[in-house]
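The block underneath contains the structure these notes are about, expressed in structure tokens.
In the numbering used here, the protein residues as written are -2 to 237.
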């Protein structure tokens, strides 16, 4: 990928046992003769590893209008492929990649993967603990099983991992729709009150939108935003 090619420094493919950790491609699927989608809806071809790598280390060097920088664009990126077609893999490959990352002297390890096994002593979780004890900061996905009890998956169950997940808002949030004039009409959905406020007071009402640029002190000069919706730009630094 053009946004990652300069950040990429090396790696290994534990699925095909070679030095090219390329994901499973659409062309791979066409040649395979296998079903395009597994029973759980996962496609034969994958892109999640590239997505996560971009979130971390993308350098925004492509000509795309949506080219972005990752959170650590100056990081050296080493990639170990452990998941193959349909985004599935085996624990032994995951453990081998963890061991290799430690042996290669990685500073930080990210694993956006997991199994639906809520077991802190599962082999991959144990391997993560040893990696952290060896000095490697390790970030692991919590999984996609939801907010219920015992839904955290391995290796995110590792006691020493930095396990990251989303959170659910256990209450309905009222949203507002509005249009702002630009080169073309843009429809926005906004919500700008705290959870303790009564959002139902917004229902059925219309509010004027005021463009306040980046929201700095001078951006509000000579503008009245009382009782209106202030439209604030996200900023000037491109992040994922």
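Beta carbons: idealized from backbone N, C-alpha and C, even for Gly.
Query raised in the report: Just curious, the beta strand (DSSP E) that residue 226 is in, first and last residue?
Result: Run containing residue 226: 226 to 228, per the beta strand (DSSP E) assignment.
Query raised in the report: Would you call the CB atoms of residue 114 and residue 151 closer than 8 angstroms?
Result: Yes. Within cutoff.
Report task. Mind reading off the beta-carbon distance from residue 39 to residue -1? Whole number of angstroms is fine, and I expect it under 8 angstroms. Result -> Taking 8 angstroms as the upper bound for CB-CB distance, residue 39 and residue -1 are not in contact here, some 27 angstroms apart.
Query raised in the report: Going by alpha carbons, who is nearest to residue 63 out of 74, 206, 51, 71?
Result: Measuring from the Cα of residue 63, the nearest candidate turns out to be 51.
Query raised in the report: residue 78: buried (16+ other C-beta within 10 angstroms of its C-beta) or exposed?
Result: Classification for residue 78: buried.
**Report entry** Proximity below 8 angstroms, CB of residue 4 to CB of residue 73
**Finding:** Closer than 8 angstroms, so yes.
**Report entry** C-alpha distance - residue 13 paired with residue 146, whole-angstrom precision
**Finding:** Approximately 36 angstroms, taken between the alpha carbons.
Requested in this report: Can you grab the Cα-Cα spacing for the pair residue 217 / residue 2, in whole Å?
Outcome: Roughly 42 angstroms separates the two Cα atoms.
Query raised in the report: Name the DSSP bridge partner or partners of residue 14?
Result: Residue 14 has no beta-bridge partner at all, per DSSP.
Query raised in the report: Using DSSP with H/G/I as helix, E/B as strand and the rest coil, what is residue 27?
Result: The answer is helix: DSSP assigns residue 27 an H, G or I state.
**Report entry** C-alpha gap between residue 36 and residue 81, whole angstroms
**Finding:** Roughly 16 angstroms between the two C-alpha positions.
Query raised in the report: For the candidate residues 213, 46, 163, 25, whose alpha-carbon lies nearest to that of residue 229?
Result: Restricting attention to 213, 46, 163, 25, the CA atom closest to the CA of residue 229 is found in 213.
Query raised in the report: Where does residue 81 fall in DSSP's three states?
Result: Coil, per DSSP.
Requested in this report: For residue 95, collect the residues of the same chain with a Cβ closer than 6 angstroms to its Cβ; drop the 5 residues on either side in sequence, then sort them by chain order.
Outcome: Taken in chain order, the residues that qualify are 124, 128.
Query raised in the report: Can you list, in chain order, the stretches of the alpha helix (DSSP H) that have 4 or more residues and sit fully within the stretch 31 to 88?
Result: 45 to 54, all fully within the stretch 31 to 88.
Report task. Measure from the alpha carbon of residue 28 to the alpha carbon of each residue in 42, 116, 49, then state which is nearest. Result -> Residue 28 has its Cα closest to that of 42, out of 42, 116, 49.
Query - Rounded separation between residue 8 and residue 18 - CA only - result: Each residue's alpha carbon lies about 6 angstroms from the other.
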